[in-house]
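To start, the structure under review is shown below, and the notes come after it.
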Amino acid sequence: MFKKILFQVHWFFGITAGLVLALMGVTGALYSFEEEILDALNPEVLLVERRAATLPPAELVSKLQAATGMTVAILRVETTSNRVAQVYFQPKPGERRGPKRNFDPYTGELRGDGVGEGFFDFVLSLHRFLASGQTGRQITGACTLMLLFFCLSGLYLRWPRKPLDWRVWLTMDWAKKGRSFNWDLHSVFGTWCLLAYLLFAVTGLMWSYQWWNDGMTRLLGDPPPAGAQQRTGGAGGPGGKPAQAPRPLVVDYDAVWASIRDTAGPDLAGYNLRLPGAGGQPATVFYLLKDSPHPRALNIINLDPATGTINSVARYADKSLGAQLLTSNYALHVGSYFGLPGRIIMLVAALLMPLFFITGWLLYLDRRRKKRDIRQARSGLATGSGDGADAWLVGFASQSGFAEQMAWQTAGQLQAAGLPVRVQRLGELSEQDLQQSRNAVFVLSTFGDGEAPDSARGFERKLLGQPLALAHLNYAVLALGDRQYPHFCAFAQRVHGWLVERGGQSLFAPIEVDNADPAALQHWQQQLGRATGSTPTAVWQAPVFERWTLGRRAWLNPGSSGSKVFMLDLSAPNATTWQAGDLVEILPRNSDAVLLRLLDGLGLTGAERVSIDGLEESLLQALASRQLPQHRAHLVGLHAQALVDVMVPLAAREYSIASVPADGCLQLIVRQELHCDGGLGVGSGWLTEYLPVDDAVSLRVRRNSGFHLPAEPVPLILLGNGTGLAGLRSLLKARIEQGQHRNWLLFGERQRAHDFYCGDELQGWLDNGQLSRLDLAFSRDQEHKVYVQDRLRDARDELRAWLAEGAAIYICGSLQGMAAGVDQVLTELLGEQAVSELIEQGRYKRDVY
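In the working numbering, the protein residues as written are 910 to 1758.
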């Protein structure tokens, strides 16, 4: 439980703070080599001729003040370098720092500003404050704290079962693809960068928060000199006397220079003289020696500027290791503490910061997408009516839906052999179900790092590991997984091990399937056939599409600022039924106009004859069902048949059904997908623009049991935005048919005047009492945007009241924004434990895209 909570916090902070950290990483990397870049761009301005010795401060100050008419405040000089020195003049009242000028430390001649200095000033401002002053500083400080959390939580979350095997920590499998490859990028590169990011965070927080600075100083710093804490003084001057007016600043530069040379000796490499703002206050000199271990190994002199009398000297070499680290905070931050190799390592680590933001988002989106890719194959299967002992129990645990599809196909094979069958989700199985069954088949997928799918979390928590007596149970296990994950089929292996431990008799060894491997699935069919004394009728085939007819296409949002949305009416060639919440899969086609443009560039007409699966047709017809490439250069010169052979078929597109069978037609609500070049998406373009009315479309209904209505007449809370109204509309129609009126709809779009799809219908249901409550969120109808999740938050009391009555929550619409926002609000209002319980109980269902 703790690990799951930590994971949720890790990805939530990652997708919120990740962009700021990526920006800080890139800007920090740029700034870390500022001097080298500026020197390369401005050699005539920023580089000088090295001579025997730099001018003493007295001469430099005299020349600089005479040339500018301003008073010197800070003098920064490298005594053995060929770089320009810098002078800062006294700031104007209310300003923190005065103007800066470059000058030749060997002649006192002023130099101009280098090209790019202003850019690097802006880069530093972005890095520290997001160029937003104190507000930006608070944001970067918080994100730096989150970076520290990412390092520690990421280390905990990826801790392997063999922590002493360095290959597990530090090596990548470059042959992996998709989610596995993104996970490796995120975790392995994160391990490589872990120490660098910890160093970034610990040192960066020294500038972000005073409490952190004070704490690190107390932890690592040397104790103050004797008597340093005995200074008196309240309001005003010493002893509580009224403060006197500031005295004029008097500086004896010759005396100051003599003190610097006497203290530093002949190895002086550079000094930074900082003068006070008024007389009677000490000056500070930071100086560096030629044999200093790094550029920030600074020694400090505190002296009287009027006489050069030294008050104190703090030498870097005399400090404890902790105090040296505090002094070296900047050098540690940029890596110069470890020399040039350290700077390069920290540079690379900083440049990799965007990688973790990008891969984190890809992993997050992939995880959410898999929750909606429900695939089921139980259409046409009549479950057996035998009692619990006679019927074969087919239990499935599915994350993306493939396990459920395989479960129903398995049930079909068993039923074809004359056996009664009962198909059930693993999360719904009880102790009684297992003890009453003599024969069982388990089709189990594994999610994430060897975890149970969401739908099976209740089974794992309540039953797995319990000391049940299952010696009477004959069972078989089909394990579905992906070998690119480190714990391939781990959940199925745990279930199998538990069943063996409890005395269950395995009909044959568990069959593991890697990425829907057809050979492994065929082996499962054969083994199941041998165990039941039957022969598979056929190898499992791909689903069959039928030719439906587009009867009507209505434009729902004329005048909208968004893309066009249409209501489509489709009729089936034969009597077809479906349940509210089901989906359709449609095979789209490319338009003739798009194909002719492609063929014209390839020197083909489209009339050429080609062969597809033994059938002859024109090239234009063949390409209509093929996925077209974004670039065609590699296709030039191919003859017609070769062109068809190199193109893969178009994949089916999924849409939520917006009607019920009683409506007499199957309705869809489809939004046009617009590409950057003005073109339309293949699926939405085909359905809304190119497919003629009364023409045919290849379609099949796909069962989506994960979004069906509850078996009990409980209150229903439905939330959706945009075309997500389609799935919710079918649920509402079914509820109204059943006479169930405890329905609450929260719907959001852009503008009520143009984007209130089916508005008259919804308002009519509300007026007739068939809809108990209708909350609308039109984001563009007021100055401050309002979304569905905002309406839900406003109705928190009623939400809790409905849930107390046993209400179920259904979400249909966009994953990015609405669905994620609703999930966040539910967690905020109810708590993560309560939301998890709703999921396990089947009272929180999501169909998002």
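Virtual Cβ for every residue (Gly too), placed ideally from N, Cα, C.
Taking the C-beta atoms as reference points, Ala1388 is found nearer than 8 Å to Gln1402. Note that the C-beta distance between Ala1686 and Arg1700 is below 8 Å. With a cutoff of 8 Å on beta-carbon distance, Leu973 and Met1125 are scored as not near each other. Annotated three-state conformation of Cys1102 is helix, per DSSP.
For Asn1630, no alpha helix (DSSP H) segment is defined; the enclosing uninterrupted segment is the beta strand (DSSP E) at Leu1625 to Asn1630. Rounded to whole angstroms, Leu1328 and Pro1619 show a C-alpha spacing of 29 Å.
In the DSSP annotation of this structure, the continuous segment of the alpha helix (DSSP H) that includes Ile1048 starts and ends at Gly1042 to Leu1066. The continuous beta strand (DSSP E) containing Thr1458 extends over residues Glu1455 to Trp1464.
Looking only at Leu969, Ser1745, Ala1187 and Ser1470, the smallest Cα-Cα distance to Pro1214 is reached by Ala1187.
By the C-beta density criterion, Val1697 is buried, having at least 16 other C-beta atoms within 10 angstroms. Rounded to the nearest whole angstrom, the CA to CA distance from Ile1210 to Leu1182 is 9 Å.
By alpha-carbon distance to Ser1346, the top candidate from Leu1671, Arg1005, Gln1414 and Gln1314 is Gln1414. Ser941 is not a Cβ neighbour of Thr1049, given a cutoff of 8 Å. Around Ser1470, the same chain offers Arg1659, Gln1660, His1663 and Arg1689 as residues with beta carbons nearer than 8 Å, after the five sequence neighbours per side are excluded. When secondary structure is reduced to three states using DSSP, Glu1526 falls in the strand class. Going by DSSP, Asp1342 is part of the alpha helix (DSSP H) stretching over Glu1340 to Gln1345.
Where Thr1126 is concerned, the enclosing alpha helix (DSSP H) starts and stops at Gln1119 to Leu1129. The Cβ atoms of Val1579 and Leu1596 sit closer than 8 Å to each other. Annotated three-state conformation of Met1476 is strand, per DSSP.
Note that the C-beta distance between Ala967 and Tyr1239 is not below 8 Å.
Arg1456 is positioned such that its CB atom lies no closer than 8 Å to that of Asp1423. For secondary structure counted as the alpha helix (DSSP H) over 4 or more consecutive residues, the region 1356 to 1438 holds these complete runs in sequence order: 1366 to 1371 and 1399 to 1410. The secondary-structure analysis by DSSP pairs Gln1333 across a beta bridge with Gly1304. According to the DSSP secondary-structure assignment, Ser1470 is paired through a beta bridge with no residue. Spanning the alpha carbons of Arg1224 and Gly1244 requires a straight line of approximately 22 Å. Bounds of the beta strand (DSSP E) holding Ser1520 are Arg1518 to Ile1521.
The residues Gln1488 and Gly1490, in chain order, have a CB closer than 6 Å to that of His1617 in the same chain once the five nearest residues on each side in sequence are set aside. In the three-state scheme derived from DSSP, where H, G and I count as helix and E and B as strand, Phe1090 is classed as helix.
His1242 sits buried, since 16 or more C-beta atoms from the chains shown fall within 10 Å of its C-beta.
Taking a cut-off of 8 Å on C-beta distances, the region 1631 to 1651 does not touch the region 1522 to 1534, as fewer than three cross pairs fall below it.
By the neighbour-count criterion, in which 16 or more other beta carbons inside 10 Å mark a residue as buried, Ser1745 falls on the buried side.
A direct Cα-Cα distance of roughly 13 Å separates Leu939 from Ala931. Of all C-beta pairs linking the region 1490 to 1503 to the region 1596 to 1608, three or more are shorter than 8 Å, placing the two stretches in contact.
In this structure, the straight-line span from the alpha carbon of Ala1365 to that of Asp1756 is close to 18 Å. Within the same chain, Leu1264 and Thr1268 come within 7 Å of Leu1094 by CB-CB distance, once the 5 residues on both sides are set aside.
Taking 8 Å as the cut-off, the beta carbon of Tyr1666 is found no closer than this to the beta carbon of Leu1532.
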